[in-house]
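Read top to bottom, the protein sequences are chains A and B. The first sequence lines up with residues 692 to 852 when you count with the numbering used here. The second sequence lines up with residues 52 to 725 when you count with the numbering used here. All C-beta atoms, glycine included, are put in the ideal place defined by N, C-alpha and C. Because the structure is a prediction, the values reported are computed rather than measured. See structure below.
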Amino acid sequence: MNVTFILNGEDVACTAGALDRLSELLRDTFGMASVNTDCGSGRCGTCLVLMDGRPVNSCLVPAFRARDCEIITYEGFSRTDDYGRVQAAFDRHGVDLCPFCRPARYLAIGSAMDARSDSRGADLPSVLSSVLCTCSSPAAVLAAAMDALAGRQGPRYSRDH
Amino acid sequence: MKARSRGFGLEDGRLSSFRPPDLVYVATVRAPSGPGAIQSIHSPHLPRDYRFITAEDIPGQAAMEFPGDKVPILAKGRVDYPGQPVGLIAGPDRGRVDEAVRLTKVLVDAAPEDGGLDCFGSGRLKARAQRSTGDVDRALAEAATVVKASYRLGAVDHYYPEPQGAAAYYDYDRLVILSSTQWPSQVRRAIASALAVDQSAVTVLSGFLGPHLDGKLWYPSLLACHAALVAFILGKPAMLQLSRDEDFLYTPKRAPLLASYRAGMDEDGRLCALDASLAVNIGAHGPLAAAIVDTLAASFTGPYSCPAVRADVWAVASDRPPMGAWAGLGLSSATYGLERLADACSRASGADPLAFRLLNVSQKGDTTSGVALKQVPRLKGVSERLLELSDYRRKRSAYELIRKRRPDPSLPPGFGVGLAFAYQSNDLLPAFGNLKALAVEAELDKDGFLTIRAPILPTDSSALGVWRNEAAAIIGIDPKAVRVERDAGADSPDAGPAAFSNAMNTVARLVGDACSDIRDRRFREALPLVARKVNRKSGRKSSPLDGASWAGAVVELTLDPLDGRPRVKGVWLSLDAGRVLSPVKARLSLERDAARALSTCLGERFDPDHAGPASIRAYRISRLDDTPPIVVDFLDTGDARPGGLGELAFSCVPAAFANALSQASDSADSEETA
Chain A
692 MNVTFILNGE DVACTAGALD RLSELLRDTF GMASVNTDCG SGRCGTCLVL MDGRPVNSCL
752 VPAFRARDCE IITYEGFSRT DDYGRVQAAF DRHGVDLCPF CRPARYLAIG SAMDARSDSR
812 GADLPSVLSS VLCTCSSPAA VLAAAMDALA GRQGPRYSRD H
Chain B
52 MKARSRGFGL EDGRLSSFRP PDLVYVATVR APSGPGAIQS IHSPHLPRDY RFITAEDIPG
112 QAAMEFPGDK VPILAKGRVD YPGQPVGLIA GPDRGRVDEA VRLTKVLVDA APEDGGLDCF
172 GSGRLKARAQ RSTGDVDRAL AEAATVVKAS YRLGAVDHYY PEPQGAAAYY DYDRLVILSS
232 TQWPSQVRRA IASALAVDQS AVTVLSGFLG PHLDGKLWYP SLLACHAALV AFILGKPAML
292 QLSRDEDFLY TPKRAPLLAS YRAGMDEDGR LCALDASLAV NIGAHGPLAA AIVDTLAASF
352 TGPYSCPAVR ADVWAVASDR PPMGAWAGLG LSSATYGLER LADACSRASG ADPLAFRLLN
412 VSQKGDTTSG VALKQVPRLK GVSERLLELS DYRRKRSAYE LIRKRRPDPS LPPGFGVGLA
472 FAYQSNDLLP AFGNLKALAV EAELDKDGFL TIRAPILPTD SSALGVWRNE AAAIIGIDPK
532 AVRVERDAGA DSPDAGPAAF SNAMNTVARL VGDACSDIRD RRFREALPLV ARKVNRKSGR
592 KSSPLDGASW AGAVVELTLD PLDGRPRVKG VWLSLDAGRV LSPVKARLSL ERDAARALST
652 CLGERFDPDH AGPASIRAYR ISRLDDTPPI VVDFLDTGDA RPGGLGELAF SCVPAAFANA
712 LSQASDSADS EETA
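This is the structure we're talking about:
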């Protein structure tokens, strides 16, 4: 079936099988190397992408569900100002994430930055916990993420206005 | 002529980023059961461009050779364990390759054998080590108190950031291997032997290693042989990457341990005899069996003094996939058993656990480890700082009061705090390679740039940054003017596994020495200046405790009144590891290690005898929001030499956790006091 969606700000179209996963589509068809396809069961969380602004494990999303959605991967997020804020916060805390969890963790923080809820800071540990990686100090990752969040006041845009 | 690279190197070190043209994917056909004879292998009809490869296709040696054991590259005629590779299917489409593997049927006349550690015959021994000093039987007979205890440690998965794998391609006449390995020289040697080519025709590029916990010592060589075999036969770039489930089920885990002790104490609570029987389940193949039993035998007394000691250590084979190392080749396992025993002895003698340890710690000149100690183990400073950080004494007293005065003794007290000490020593680790071959060259050129050439390099960029800063500080130049290069040509000697702390610490010391040499000559001789330092270790035997890094951990926990599960309230670590080159990086790495070590105590349960596809779902690694507060503190002792840090948390945190759990549940694994 044909699937059209917005990938990192660009309109794209492709053919996807009924059983194809979004993670495979992004990695194999569109060359999004940041999307890992390791576990295929949503366990590791390293295939996280933003789907209409919400973090999802793309290995658990059928490819056809991307139709008419906006998908942002790490490649797209790395061109935003928020990426710079997250990167700067991690640098300040001396945290060097591995290339496997960095995309997913940065995107998770990026989604929290855009969340409108006042409790987004409280949700951050559980959002970051969706990514399973043992490469860094958990406390330092959380501190850097909170720092990044504190550097960004309020949502970037509101769908209500 | 130097071969020109075709540029298939990995930009970010990830194997999954390897996507050259004409790539063929490789998947492994495994034995469904074992051990036993292979009755038949039925593979489906494969399309053109696809190939089924068996042991018959290996042009050279069909097995990788290690001291004391051989590991078949592909099983031939007989499999030794369920899941052993018996063939490879390679082709351009990954989906089709996986489908072909699913359709391939391997029939094995399996006869499962006993894999337990409680009872085993000499036929299952892969390696054995013994150590003895004094008359243990007599000392035990004369002891005022004898404690018998046994403890078990289970298998633990390393859970690498990327499942293991390897890629191979030809760069003109050279075979290039991409492998996430701690030991590139071993990979090169294994491939040259399997393909019957000269080692100089094989180049090994190391991929991203991540927190490997000594799990990538030999297994990457097996995977690299598989990828190289396909590239050799098909003449195309080949990539083999295990699925997460395969990696979980078939790559080496921490070897399970059964540690049984008899400890004798005099009236004052001093150890007078220690008799230990340590058995590890090494699986079907034991490339590291000898190294693990040697390390266990050398470290089973820890920092404690005892005039009569005896250890019998066995590596026991089983019909399970090969087991291996975990953060220190047995040192962390030996420390776990000993620190559990120390708590049992303190209970039996009525002493405070810390007081018992400090009473029995070795003094200068002590010969318990077989060699006279030159320095007193630095536990006093570590323990004082640890007490200060964790408020251990008050908590311990309060929880003991709760334990003794609880109204219903059939219910657990529910509160516990435990402590344990550990050390990390370069002298304990086996020299797999030739450490004397390590040489470092530093060159300060006319433009003021410093180039350091070392045979092995740190595996993470932050450690490399620490080297740069250290070298720049010694000479007095900008860190940006320091380049570090790997100097490991085809003819360079095997210096053992890279990222292995004994070799890495030696290289770090040589870098410092070379830079100091240049600093001393800098304004007296003309540039460029070259300094070459070669490792010349003294022939005199020294105790592994001399020059070791020291750590103490306190873990506090409560038992959930509803489900009885332990909830960790906090972890405190105090360390004396000499001069800390990068305090921030060191603290972060210790916090990470402590979190992972705690995770192995809480939800990481893997039973090799009942492993199956569901095992990975039941294996729960702690996530970010599961982690309790962890406090790490380094003592500034003014010691100029930096020490190792990578194994300390894995040695002391699990023992401290188990000691706290014993107090909270008012029980111990298996203890008996006479």
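B:V558 - DSSP class collapsed to helix/strand/coil: For the purposes of this step, residue 558 of chain B is identified with residue 507 of the second sequence, where counting begins at 1. B:V558: helix per DSSP, three-state reduction.
Could you check what DSSP says for A:E761 in three-state terms: helix, strand or coil? On the first sequence, residue 761 of chain A is found 70 positions in, with the first residue counted as 1. Strand.
Taking only beta-carbon positions, decide if A:N727 is within less than 9 angstroms of chain B. The count along the first sequence starts at 1 and reaches residue 727 of chain A at position 36. Judged by the 9 angstroms Cβ criterion, A:N727 is in contact with chain B.
In terms of residues, what are the limits of the beta strand (DSSP E) holding A:A705? Along the first sequence, one-based indexing puts residue 705 of chain A at 14. Note that residue 705 of chain A corresponds to Cys in the displayed sequence, not to Ala. Looking at the DSSP string, the run of the beta strand (DSSP E) that includes A:C705 is 701-706.
Mind checking if B:A735 is an interface residue toward chain A, Cβ cutoff 9 angstroms exclusive? Any property of residue 735 of chain B remains undetermined from this structure, which presents chain B solely from 52 to 725.
Can you grab the Cα-Cα spacing for the pair B:A395 / B:W623, in whole Å? Sequence index remark: in the second sequence, residue 395 of chain B carries index 344 (1-based). Sequence index remark: in the second sequence, residue 623 of chain B carries index 572 (1-based). Roughly 22 angstroms between the two C-alpha positions.
Does the beta-carbon of B:L154 have 16 or more other beta-carbons within 10 angstroms, so that it is buried, or is it exposed? Working through the second sequence from its first residue, we reach residue 154 of chain B at position 103. So B:L154 ends up on the exposed side.
Residues in the segment 201-212 of chain B with C-beta within 8 angstroms of chain A's C-beta atoms, listed in sequence order? Y210, P212
What number of angstroms, rounded off, separates the C-alpha of B:A366 from the C-alpha of B:L325? The residue given as residue 366 of chain B occupies position 315 in the second sequence. The residue given as residue 325 of chain B occupies position 274 in the second sequence. Their Cα atoms are separated by approximately 20 angstroms.
Own chain partners of A:L815 with C-beta closer than 6 angstroms, once the 5 adjacent residues on each side are dropped: Taking the first residue of the first sequence as 1, we reach residue 815 of chain A at position 124. Closer than 6 angstroms at Cβ, skipping near neighbours: A803, A836.
State the DSSP-derived secondary structure class of B:G166, mapped to helix, strand or coil. In the second sequence, residue 166 of chain B corresponds to position 115, counting from 1. Here B:G166 sits in coil by DSSP.
List the residues of chain A that B:K415 touches, going by C-beta distances under 9 angstroms, in chain order. Within the second sequence, residue 415 of chain B is the residue found at index 364, counting from 1. Per Cβ cutoff of 9 angstroms: no residues; B:K415 is ~36 angstroms from chain A at best.
Just curious, the alpha helix (DSSP H) that A:M804 is in, first and last residue? As a working note, residue 804 of chain A is residue 113 in the first sequence. That run of the alpha helix (DSSP H) goes 793-805.
Between the segment 798-825 of chain A and chain B, which residues of the former have CB atoms less than 7 angstroms from a CB of the latter, in chain order? P816, S817, L819, S820, L823, C824, T825
Drop a sphere of 10 angstroms on the beta-carbon of B:Q475, count the other beta-carbons inside from all chains shown, and report buried for 16 or more, exposed for fewer. Locating residue 475 of chain B in the second sequence gives position 424, where the first residue counts as 1. It is buried - the Cβ of B:Q475 has at least 16 other Cβ atoms within 10 Å.
Exposed unless 16 or more other CB atoms sit within 10 angstroms - verdict on B:D370: Translated into the one-based positions of the second sequence, residue 370 of chain B becomes position 319. Burial call: buried.
Expressed to the nearest angstrom, what Euclidean distance is found between the alpha-carbon atoms of B:V635 and B:L653? For the purposes of this step, residue 635 of chain B is identified with residue 584 of the second sequence, where counting begins at 1. For the purposes of this step, residue 653 of chain B is identified with residue 602 of the second sequence, where counting begins at 1. Straight-line Cα distance between these residues: approximately 27 angstroms.
Which runs of the beta strand (DSSP E) spanning at least 3 residues fall entirely within the segment 556-642 of chain B, listed in chain order? 580-585, 600-610, 617-627
Between which two residues does the alpha helix (DSSP H) harbouring A:M837 extend? Position 146 of the first sequence holds residue 837 of chain A. Taken as a continuous stretch (DSSP letters only), the alpha helix (DSSP H) holding A:M837 covers 829-841.
Is the Cβ of B:G375 closer than 9 angstroms to any Cβ of chain A? The residue labelled residue 375 of chain B in the question sits at position 324 within the second sequence. Closer than 9 angstroms: no.
Report yes or no: is there a C-beta of chain B within less than 9 angstroms of the C-beta of A:V832? Position 141 of the first sequence, counted from the start, is the residue given in the question as residue 832 of chain A. Yes, because at least one Cβ of chain B sits closer than 9 angstroms to the Cβ of A:V832.
Identify the continuous alpha helix (DSSP H) that holds A:N748 and give its terminal residues. Position 57 of the first sequence, counting from 1, holds the residue named residue 748 of chain A. Counting along the chain, A:N748 falls outside any alpha helix (DSSP H), though it belongs to the beta strand (DSSP E) covering 745-748.
Nearest to B:T254 by alpha carbon, out of B:L264, B:G432, B:A348, B:A275? Counting from 1 along the second sequence, the entry for residue 254 of chain B is found at position 203. Residue B:A275 is the option with its Cα nearest to B:T254.
Since B:P271 is in the alpha helix (DSSP H), which residue starts that stretch and which ends it? By 1-based counting over the second sequence, the position of residue 271 of chain B is 220. Start and end: 270-285.
As assigned by DSSP and simplified to three states, the class of B:R57: One-based indexing of the second sequence puts residue 57 of chain B at position 6. Any reading at B:R57 needs caution, since the residue's pLDDT is 46, under 50, leaving its predicted position unreliable; the model's value is listed next. It is coil, neither helix nor strand.
By DSSP, does B:N710 sit in helix, in strand, or in coil? Start at 1 with the first residue of the second sequence, and residue 710 of chain B comes out as number 659. Of the three classes helix, strand and coil, the one that applies to B:N710 here is helix, per DSSP.
Quick one: what does DSSP say B:P235 is sitting in, helix, strand or coil? In the second sequence, the residue the question calls residue 235 of chain B occupies position 184. The answer is helix: DSSP assigns B:P235 an H, G or I state.
Residue from B:Y210, B:R129, B:D131 whose Cα sits closest to the Cα of B:S650: One-based indexing of the second sequence puts residue 650 of chain B at position 599. Of B:Y210, B:R129, B:D131, the residue nearest in Cα terms is B:Y210.
According to DSSP, is B:Q292 helix, strand or coil? For the purposes of this step, residue 292 of chain B is taken as the residue at position 241 of the second sequence. Strand at B:Q292.
Can you tell me whether B:F171 is helix, strand or coil according to DSSP? If you number the second sequence from 1, residue 171 of chain B lands on position 120. Residue state, collapsed to three classes: coil.
Can you confirm whether B:F259, when its beta carbon is compared against all beta carbons of chain A, has any partner nearer than 9 angstroms? Mapped onto the second sequence, residue 259 of chain B falls at position 208. Judged by the 9 angstroms Cβ criterion, B:F259 is in contact with chain A.
What do you get for B:V585, buried or exposed, if any count of 16 or more other CB atoms within 10 angstroms of its CB means buried? By one-based count along the second sequence, residue 585 of chain B stands at place 534. Flag for B:V585 reads exposed.
First and last residue of the alpha helix (DSSP H) that includes A:V660? Outside the modelled stretch of chain A, which goes from 692 to 852, sits residue 660 of chain A, for which no answer is possible.
Straight-line gap, A:D705 to B:D345 (C-alpha atoms, nearest Å): The residue given as residue 705 of chain A occupies position 14 in the first sequence. The residue given as residue 345 of chain B occupies position 294 in the second sequence. In the sequence as displayed, the identity of residue 705 of chain A is Cys instead of Asp. Answer to the nearest angstrom: the Cα atoms are 59 angstroms apart.
For A:A707, which residues from the same chain have a beta carbon less than 7 angstroms from its beta carbon, with the 5 sequence-adjacent residues on both sides left out? For the purposes of this step, residue 707 of chain A is taken as residue 16 along the first sequence, with counting starting at 1. Closer than 7 angstroms at Cβ, skipping near neighbours: M692, V694, L716, A754, F755.
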